[in-house]
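Below: the structure, in C-alpha cells.
Number of protein chains: 2
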Amino acid sequence: MSTTTIATAKEVFDLLHDDLRAIEREFGDDAVSSVKAITEISDYLREGGGKRIRPSLLLLSAKSQGYSGGGMVRLGAVVEMVHTATLVHDDIIDAADTRRGRPSANTTWGNSKCVLAGDWLYMQAFRVALEERNFRVLDLLIGLTQQMVEGELLQMETLGRPVTEREYNDLIYRKTACLFEVSMRLGSVLAKVNGKTEASMGEYGHALGLAFQIVDDILDLTASEEVLGKPVASDLREGKATLAVIHSLENGTPTDREAILTVLTDQNFERVTHKEILAILSRNQSVDYAMNIAFRHAERARAALASLPDSDFKRALLWVPDFVVARDK
Amino acid sequence: MSTTTIATAKEVFDLLHDDLRAIEREFGDDAVSSVKAITEISDYLREGGGKRIRPSLLLLSAKSQGYSGGGMVRLGAVVEMVHTATLVHDDIIDAADTRRGRPSANTTWGNSKCVLAGDWLYMQAFRVALEERNFRVLDLLIGLTQQMVEGELLQMETLGRPVTEREYNDLIYRKTACLFEVSMRLGSVLAKVNGKTEASMGEYGHALGLAFQIVDDILDLTASEEVLGKPVASDLREGKATLAVIHSLENGTPTDREAILTVLTDQNFERVTHKEILAILSRNQSVDYAMNIAFRHAERARAALASLPDSDFKRALLWVPDFVVARDK
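Residue numbers (this note's numbering), protein chains in the order written: chain A, 1 to 329; chain B, 330 to 658.
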C-alpha cells in the first residue's frame with residue numbers, strides 16, 4: 001500500500017481498526033458512573049454510533065507524526081466524549097426529537113437528566129485528559145469547549161434572521177472545525193513536534209472541518225430523507241441560514257430574498273415550500289457556490305500536509321478531504 | 330486580636346476584606362466572554378451576591394498554613410465560579426423561579442442559554458485553575474464537579490420518596506460538603522503542606538459543610554419567609570426529605586409517617602399543612618435531633634484543626650462552625 005494512494009474508506013478503516021476498537025473500549029470504560037442514569041445515557045449515546053471522525057483524525061495525526069504510545073487511545077476517547085457532551089446539550093437547546101436516526105436522549109430521559117449527563121461527560125473527558133499530565137492538552141481542550149459553547153449561543157442569537165458569510169464561517173468554525181483542529185493538534189502534542197508543525201496540522205483540521213460542515217449543510221438542504229436518515233431542511237426549519245442560502249439571499253432577486261426570509265421567519269414551509277427554496281438555490285447556482293468553497297477548503301487541508309513525511313497515515317489524511325466533500329450523507 | 334477568640338463575622342470579614350475584594354474583581358474579569366449573553370448572565374449571577382463562604386474558606390485555609398501568593402485569589406474565584414455554575418444548572422433542573430431573593434437566571438434568559446452559560450462557567454473555572462499549572466488543583470476540581478453533578482442526579486431519583494439518613498448524608502456531602510472540603514484542600518495545595526495536614530483541612534471542610542447543609546435544611550423547614558428571604562418548606566414542596574423529616578419518618582407514629590409521605594408525594598401542603606408537619610417534627614424532637622448532629626459535625630470540624638499553628642486565621646476557622654450552626658438564615 002505504501003506507494004499507492006489510498007482510495008477507499010475501508011483502507012483507512014483497516015489502518016485504524018485496532019486503535020478505533022481500543023478507543024471504543026476506552027470510551028465504554030470511561031463512561032461508567034456510580035450513578036445509573038449517567039451510565040445509561042452515556043451507553044445510549046455511545047452505542048448510537050456516529051462516524052468517529054474526530055478520534056480517527058487524532059489517530060492519523062499522531063501516527064503520521066511518528067507517535068505510537070497509549071495516549072492517542074485515551075485522547076481519542078476524550079475528543080469523542082467532548083463531542084458527545086456537546087450533542088447532548090445541543091439537543092436540549094434545539095428541543096431535538098431525533099439524533100442519528102434514534103430518539104434523542106432528552107426525549108427518553110428528560111432535559112434535567114441530560115443537562116447533568118452532559119456536564120458529567122465534559123468532566124469525565126477532562127478527567128481522562130488530565131491523566132496525560134500535559135498542560136497543553138488541557139489548554140487545547142478547555143479553550144475548545146468554550147469556543148463551542150459560545151458558538152452555540154451565537155447560533156441561537158442568529159435564528160430566524162439572515163447572517164453574513166463571515167458570521168456563518170465563525171459559527172461553523174466553532175461548531176465543527178474547532179474540534180477537528182484540536183483533534184489534529186492533540187496528535188502533534190503527543191508526538192512532541194515543534195509549534196510550526198502543530199500549526200500545520202491544526203490548519204488541516206480547521207480547513208477540513210469547514211469543508212465538512214459546509215457539505216453537511218448542503219446535504220441538509222438537498223438530500224432526500226431516505227438517504228440522510230433524518231428530516232431534510234432541518235436548518236431552515238430551525239431558522240438557520242447556511243452557506244447556499246446566504247448566497248441566494250445576497251445574490252438572488254428581491255423576490256428570492258423575500259421567499260427565503262419568509263421561511264427563516266416562519267420556521268416552516270407553509271407559505272413557501274422546500275421545493276421553491278431549492279428552485280431559488282438552483283437559479284442562483286448557490287449550491288455550486290457553496291460546494292466550490294468546500295472544495296477550496298478541502299484543497300487547503302491537503303496543502304497543509306506538504307511537509308509531513310510520507311506514510312500510509314499521511315496518504316489517509318490526504319484522502320479524507322476528498323471523502324468529506326464527495327459523500328452523499 | 331492575637332490572644333483573644335474571634336467573636337464576630339465582622340472580625341473575620343476584616344481579616345479577609347482585601348482578598349475578598351480581589352476575588353470579586355477576579356471573578357468579574359474572568360466572567361467576561363465575547364458572547365454578550367454569557368457576560369450578562371455571569372454578571373447577573375455574580376452581582377446576586379451570596380455569602381462567598383467557599384472563597385473565604387479557601388483564603389483562611391491558605392493563610393492559616395502560611396501561604397501568601399496570588400493563587401488564592403485566582404482559586405477563590407474558581408471555587409465561586411464552580412459554585413455559580415452548579416446553581417445555574419440546578420435552577421434549570423428544579424425549574425426554580427427565584428434564587429437569592431431575585432428571579433433565577435433561567436426565568437430571565439430561558440433554559441437553553443442557561444445550560445450554555447453554566448457550561449461556559451465550568452470551563453472558565455477550569456481555565457483559570459489551569460493557570461496555576463498544578464495538576465493536583467485540577468484533580469481536586471474535576472473530581473469535585475463530578476461528585477456534585479452525580480449528587481444532583483441522585484437527588485432527582487429520590488424526589489417524592491423517603492430516603493435513609495445514609496442517603497441523606499451522601500446527598501449533602503455531594504451538594505455542599507464536597508466543595509467546602511475542596512476549598513480547604515486547595516488552600517493546603519497552595520501552601521504545599523504534607524498529605525496528612527491536607528487531609529485534616531479537608532476533614533474540617535467536610536464536617537463544616539455537613540453542618541452547614543443540615544442547618545440550611547432545618548431553616549428551610551422552620552424559619553419564616555421574611556427571615557429566610559425565600560419561600561419556606563421548599564424542600565418538602567419539591568418532594569425532598571431532609572434530616573429532621575427523616576427522623577420523624579423513622580421515629581414517629583404510623584400517622585406521622587403517613588402525613589409526611591402524603592406531603593412528599595403531593596409536593597404541596599393541600600392535604601397536610603406545613604403547620605401539621607411542624608407539629609409532628611416538634612412532637613418527635615426531630616429538629617433537636619438534626620441540630621444535635623449539626624453541632625457534632627461543627628465540633629468535629631474544630632477538632633480537625635488541632636495541629637494547625639496558632640494565628641488569627643486559625644481563630645477565624647475555629648469560629649466559623651459556631652457561626653454556621655447558630656445562624657437564623
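Heads up, the beta-carbon is just placed ideally off N, CA and C, and yes, glycines get one too.
- Between L572 (chain B) and A619 (chain B), the C-beta gap is smaller than 8 angstroms, which places the two residues in contact.
- Excluding its 5 nearest sequence neighbours in each direction, E152 (chain A) has C-beta neighbours in its own chain below 7 angstroms: D90, I93, listed in chain order.
- Among the residues of the region 590 to 618 of chain B, none has a Cβ less than 9 angstroms away from any Cβ of chain A.
- According to DSSP, residue pairing for R431 (chain B) in a beta bridge involves B:R428.
- Looking from the CA of K380 (chain B), the closest CA among B:S397, B:I367, B:T413 belongs to B:T413.
- Taken through DSSP and simplified to helix, strand or coil, N194 (chain A) comes out as coil.
- When Cβ-Cβ separations below 8 angstroms define contact, M184 (chain A) makes no contact with chain B.
- Residue environment: A645 (chain B) is assigned as buried (16 or more neighbouring CB atoms within 10 Å of its CB, all protein chains considered).
- Taking CB atoms only, Y502 (chain B) has no neighbour in chain A less than 8 angstroms away.
- Within the region 100 to 168 of chain A, the alpha helix (DSSP H) runs of at least 4 residues that lie entirely inside it are, in chain order, 105 to 109, 111 to 130, 135 to 158.
- Under the DSSP assignment, G76 (chain A) falls in the alpha helix (DSSP H) whose first and last residues are 71 to 93.
- Nearest CB-CB separation between D468 (chain B) and chain A: below the 8 angstroms threshold.
- Between V189 (chain A) and chain B, the shortest Cβ-Cβ separation is not below 8 angstroms.
- The beta carbon of T262 (chain A) is closer than 7 angstroms to those of R271, V272 in its chain, skipping five residues each way along the sequence.
- When CB distances to chain A are screened at a threshold of 8 angstroms, the residues of the region 450 to 462 of chain B falling below it are Y451, M452, Q453, F455, R456, L459, R462, in chain order.
- When 8 angstroms is used as the limit between beta carbons, H89 (chain A) is near these residues of chain B: V444, L445, D448, in chain order.
- The Cβ neighbour count for R429 (chain B), taken over all protein chains shown within 10 Å, is under 16; the residue is labelled exposed.
- At a cut-off of 8 angstroms between beta-carbon atoms, T145 (chain A) makes contact with chain B.
- Between M156 (chain A) and S441 (chain B), the CB-CB gap stays under 8 angstroms.
- In terms of beta-carbon proximity, E555 (chain B) stays away from the interface with chain A, with every pair separated by 8 angstroms or more.
- Taking C-alpha positions only, V245 (chain A) is separated from S42 (chain A) by approximately 35 angstroms.
- Judged by DSSP in its simplified three-state form, V35 (chain A) adopts coil rather than helix or strand.
- Taken through DSSP and simplified to helix, strand or coil, F598 (chain B) comes out as coil.
- Within chain A, the residues I92, I93, M156 have their CB atoms less than 8 angstroms from the CB of S441 (chain B), given in chain order.
- Under a criterion of Cβ atoms nearer than 9 angstroms, no residue of chain A is adjacent to F356 (chain B); the nearest Cβ is some 16 angstroms distant.
- DSSP, reduced to helix, strand and coil, places I6 (chain A) outside both helices and strands of the structure shown, so it counts as coil.
- In the structure shown, the three-state DSSP call for P583 (chain B) is helix.
- Remark: three or more beta-carbon pairs, one from each stretch, lie closer than 8 angstroms, so the region 559 to 566 of chain B and the region 543 to 551 of chain B are flagged as touching.
- Between the C-alpha atoms of A366 (chain B) and V417 (chain B) there is a straight-line separation of about 14 angstroms.
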